[in-house]
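Each residue of the first sequence is one higher than the last, beginning at 0 in numbering that gives the first Met the number 0.
Beta carbons: idealized from backbone N, C-alpha and C, even for Gly.
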Amino acid sequence: MDQHRLEKCNKLREMGLNPYVNSHIISSPISDILERFSKEDDVLPENEEFSAAGRILAKREFGKTAFLTIRDRSGIIQVYIKKALLSENDFEVYTLSEVGDFIGVQGTLFRTKTGELTIRAFQYRLLTKALRDLPEKFHGLKDVETRYRQRYLDLIVNNDVKDVFIKRSQIIKEIRDFFTNHGFIEVETPMMHSLVGGAAAKPFITHHNALDMSLYLRIAPELYLKRLVVGGIERVFELNRNFRNEGVDTKHNPEFTMIEWYMAYADYNILMDMIEELVTHLAKKINNSEKLEYGNLTIDLTRPWARLTMAQAIEKYGNISQDEISTYEKAKQVAQNLKITIDASWGQGRIVSEIFEAVAEEKLINPTFIIDYPKEISPLSKSKEDNPELTDRFELFVAGMELSNGFNELNDPIDQKERFQKQVDSRNAGDEEACMMDEDYIRALEYGLPPTAGAGMGIDRLVMLLTNKQSIRDVLLFPYMRNIDTI
RNA sequence: GAGCCGUUAGCUCAGACGGUAGAGCAAUUGCCUUUUAAGCAAUGGGUCAUUGGUUCGAUCCCAAUACGGCUCACCA
Numbered sequence: 000m001d002q003h004r005l006e007k008c009n010k011l012r013e014m015g016l017n018p019y020v021n022s023h024i025i026s027s028p029i030s031d032i033l034e035r036f037s038k039e040d041d042v043l044p045e046n047e048e049f050s051a052a053g054r055i056l057a058k059r060e061f062g063k064t065a066f067l068t069i070r071d072r073s074g075i076i077q078v079y080i081k082k083a084l085l086s087e088n089d090f091e092v093y094t095l096s097e098v099g100d101f102i103g104v105q106g107t108l109f110r111t112k113t114g115e116l117t118i119r120a121f122q123y124r125l126l127t128k129a130l131r132d133l134p135e136k137f138h139g140l141k142d143v144e145t146r147y148r149q150r151y152l153d154l155i156v157n158n159d160v161k162d163v164f165i166k167r168s169q170i171i172k173e174i175r176d177f178f179t180n181h182g183f184i185e186v187e188t189p190m191m192h193s194l195v196g197g198a199a200a201k202p203f204i205t206h207h208n209a210l211d212m213s214l215y216l217r218i219a220p221e222l223y224l225k226r227l228v229v230g231g232i233e234r235v236f237e238l239n240r241n242f243r244n245e246g247v248d249t250k251h252n253p254e255f256t257m258i259e260w261y262m263a264y265a266d267y268n269i270l271m272d273m274i275e276e277l278v279t280h281l282a283k284k285i286n287n288s289e290k291l292e293y294g295n296l297t298i299d300l301t302r303p304w305a306r307l308t309m310a311q312a313i314e315k316y317g318n319i320s321q322d323e324i325s326t327y328e329k330a331k332q333v334a335q336n337l338k339i340t341i342d343a344s345w346g347q348g349r350i351v352s353e354i355f356e357a358v359a360e361e362k363l364i365n366p367t368f369i370i371d372y373p374k375e376i377s378p379l380s381k382s383k384e385d386n387p388e389l390t391d392r393f394e395l396f397v398a399g400m401e402l403s404n405g406f407n408e409l410n411d412p413i414d415q416k417e418r419f420q421k422q423v424d425s426r427n428a429g430d431e432e433a434c435m436m437d438e439d440y441i442r443a444l445e446y447g448l449p450p451t452a453g454a455g456m457g458i459d460r461l462v463m464l465l466t467n468k469q470s471i472r473d474v475l476l477f478p479y480m481r482n483i484d485t486i
């Protein structure tokens, strides 16, 4: 807290004024005034008074006059203060207000000699006193730690930050509209699970006191959403948070937002088509282009997008033939040549996927669907009819980043139970990311899940792409930060 | 979890063979009736992240810690 501000605050109180007024209703935002008189030769009404309220961003004083810049949610306008035009009391209040405070003014309009539309204040009210100085007006707030920890300051001072979050809001609205228009129902399923499932990740663990039981923050909503398809909600989506107890970096935050959707009587090819349609629609809506500038990359979203099997991608980007990874021993040899550390529990499928990640993933700049994932790493996907070791599954990569994952849903309860059992075995062998046996989910499948395809898409990463941000922290209002003791 | 780098005034940044620091903006006080990074003058403001060590003396060298950034690992 700044002493000089506190003193001014106290002076206002001594004058009998509340530095934190209970109410100040404003009928129209600043943008209304700006739009009504947008042209320099618009005639300004001499006797009509206009009101505006906002935070003082700048103050330029000249003895008995001053110019203030104030901002509300809609825009910025200049206010002209002249001692002779205000009551003695209002001018005194003006002298006690400073950059950062919220004020309300009323007065007539005029243009300065540079043509700037300005309110000539006849009434001046201080609405909220700020007790801390704002960061510097010209350089703004650059320190990334402060920007993330005190996002409110970042938003006050750095204008483009708000734009990112406005875009994020638009993107999410468009996604909801897209699925709703395709006949999908939005639902909310539990965030606290008694079993870990639906993805491979370490969970956060919490405890329910009254019931004296451990609960896990969900790592994915998948198994609940498919129960809903069993129940007849054949097109369903959830757009909400997942929690994974993993590392933090520019592409990972412990809590992140995903959309998952499930569609009966569709298959993974249809989902890939939907994703192409959705993402190109978003790019046009948000950026008015099917080309994205992302860092020093240009990403071309023009349809159709490339679709490669995992083996084809390894061949194309790693120059490793499909024969070279066709058996466990051969694949192991290739992986060793690539200096991949192989765990004894891995089968051929896992090794091949590691090879893919090593040689191809980061090279997938334009959107590319990788299909035919190994069954070994796809415990919830349907096997391919012509090759039971592979699954009807895709992942979408853009700018070297995994954006989406989808597949034909395994709906054979007997097969699913066997795959869960394998997960349980891995878990007992020490794999903290393996799923648990979910007997109720098996029971649901026993009642019958129609042929269904489902997918998930990372909303934060999608927003990163569409707003040209290289760190997930720049698209999260309050990214995860370590606790600090002192303020 | 590992490696490298960083942490100096409210903000943005300088700086010092090791002899306890400076600018601009912000603030305070003057002057100023059309400025817009307003101007001019003066003033105040710092445990140089924290804790140890080396030294006559450390903000500077060394170590540890905290927090952050980048890279790596982890993230089917």
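Specify whether the stretch 27-36 and the stretch 45-60 touch according to this definition: at least 3 beta carbon pairs, one from each stretch, less than 8 angstroms apart.
yes
Burial state of residue 144, where buried means 16 or more other Cβ atoms lie within 10 Å:
exposed
Identified DSSP bridge partners for residue 373
389
Pair every Cβ in the stretch 299-307 with every Cβ in the stretch 270-286, then say whether three or more of these pairs are closer than 8 angstroms.
yes
Element boundaries [beta strand (DSSP E), containing residue 60]
49-61
To which residues of the same chain is residue 238 closer than 6 angstroms at the C-beta, ignoring the five residues directly before and after it?
258
Taking the alpha-carbon positions, what's the residue 288 to residue 279 distance?
8 angstroms
Leaving out five residues on either side along the sequence, give the residues of the same chain with a beta carbon under 8 angstroms from the beta carbon of residue 467.
291, 292, 293 and 294
So residue 7 is in the alpha helix (DSSP H); what residue range does that whole segment cover?
2-13
Thinking C-beta only, is residue 56 closer than 8 angstroms to residue 68?
yes
Enumerate, from N- to C-terminal direction, the unbroken alpha helix (DSSP H) stretches of 4 or more residues contained entirely within the stretch 262-350.
267-286, 309-317 and 327-336
Note down, in chain order, each residue of its chain lying with its Cβ closer than 7 angstroms to the Cβ of residue 283, except the 5 sequence neighbours on either side.
289
Starting from residue 104 and walking both ways along the beta strand (DSSP E), at which residues does that stretch end?
101-110
Express the C-alpha separation of residue 207 and residue 383 in angstroms, rounding to a whole number.
41 angstroms
First through last residue of the alpha helix (DSSP H) which encompasses residue 147:
143-148
Assuming residue 448 contacts residue 410 (C-beta within less than 8 angstroms), just tell me the rounded distance between them.
4 angstroms
Thinking C-beta only, is residue 270 closer than 8 angstroms to residue 405?
yes
Distance CB(residue 188)-CB(residue 458) smaller than 8 angstroms
no
May I ask which residues mark the beginning and end of the alpha helix (DSSP H) holding residue 180?
158-180
So, with DSSP's three-state summary, where would you put residue 255?
strand
Can you give the Cα-Cα distance for residue 200 and residue 157, rounded to whole angstroms?
36 angstroms
According to DSSP, what are the bridge partners of residue 204?
215
With a 10 Å radius around its C-beta and 16 neighbouring C-beta atoms as the bar for buried, classify residue 47 as buried or exposed.
exposed
So, with DSSP's three-state summary, where would you put residue 440?
helix
Tell me which same chain residues have a C-beta within less than 6 angstroms of the C-beta of residue 498, skipping the five on either side of it?
The question about residue 498 has no answer here: the residues shown for the chain are numbered 0 through 486.
For residue 91 and residue 148, I'd like the C-alpha separation in whole angstroms.
36 angstroms
Go ahead and pull the three-state DSSP assignment for residue 235.
strand
Using 10 angstroms around the beta-carbon of residue 202, count the other beta-carbons present and answer buried if the total reaches 16, otherwise exposed.
buried
Quick check on this structure: which residue in 472, 335, 379 and 244 has the alpha carbon closest to the alpha carbon of residue 441?
379
The stretch 118-135 in contact with the stretch 74-94 per 3-pair CB rule at 8 angstroms:
yes
Determine the contact status of residue 371 and residue 309, defining contact as a CB-CB distance below 8 angstroms.
yes
At what residues does the beta strand (DSSP E) containing residue 86 begin and finish?
First-last for residue 86: undefined, no H or E at that position.
Whose CA, out of 59, 106 and 185, lies closest to the CA of residue 136?
59
Distance, residue 451 Cα to residue 386 Cα
19 angstroms
With a CB to CB cut of under 6 angstroms and the five nearest residues on each side skipped, what residues in its chain are close to residue 460?
400 and 402
Go ahead and pull the three-state DSSP assignment for residue 118.
strand
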